[in-house]
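The opening position of the sequence shown corresponds to residue 16 in the numbering used here, with each subsequent residue numbered one higher.
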Amino acid sequence: MPLAVIRTPYVERVGTRAGPIARWLLRQRRTKHFMRTWYTLNSAWRLKRGHFAGPSSRDYWQAGKSVSGITSIEPAGEIVRRFAAAARDG
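Here it is as structure tokens:
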């Protein structure tokens, strides 16, 4: 499933591609199910462990679908002021 991942230093270092063995296993008809099960169980274990450990520098942060519409980074206060002005001028 395609998604947008925020590029933290950890994500830059580790990457988001599967390793060579995992890619090979995902291409094989008989081992594809095993690899998907492994990824699902591994992510469940990490999610459970991360829930109790709190935020870490080794976390992956997922951006929403609307991330493709972002053209600049602005302070939240500026955006709220702009919305308030638009509501007043209405």
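Here a beta-carbon is modelled for each residue, glycine too, at the ideal position from N, C-alpha and C. Everything numeric in this text was worked out from a predicted model, so none of it was measured.
Distance CB(residue i)-CB(residue j) smaller than 9 Å
i   : j   : result
K47 : L56 : no
Supposed contact pair residue j and residue i - C-beta distance, whole angstroms, cut 8 Å
i   : j   : result
A37 : M50 : 6 Å
V20 : V29 : Between V29 and V20 the Cβ distance is about 11 Å, and since that is not below 8 Å, they are no contact.
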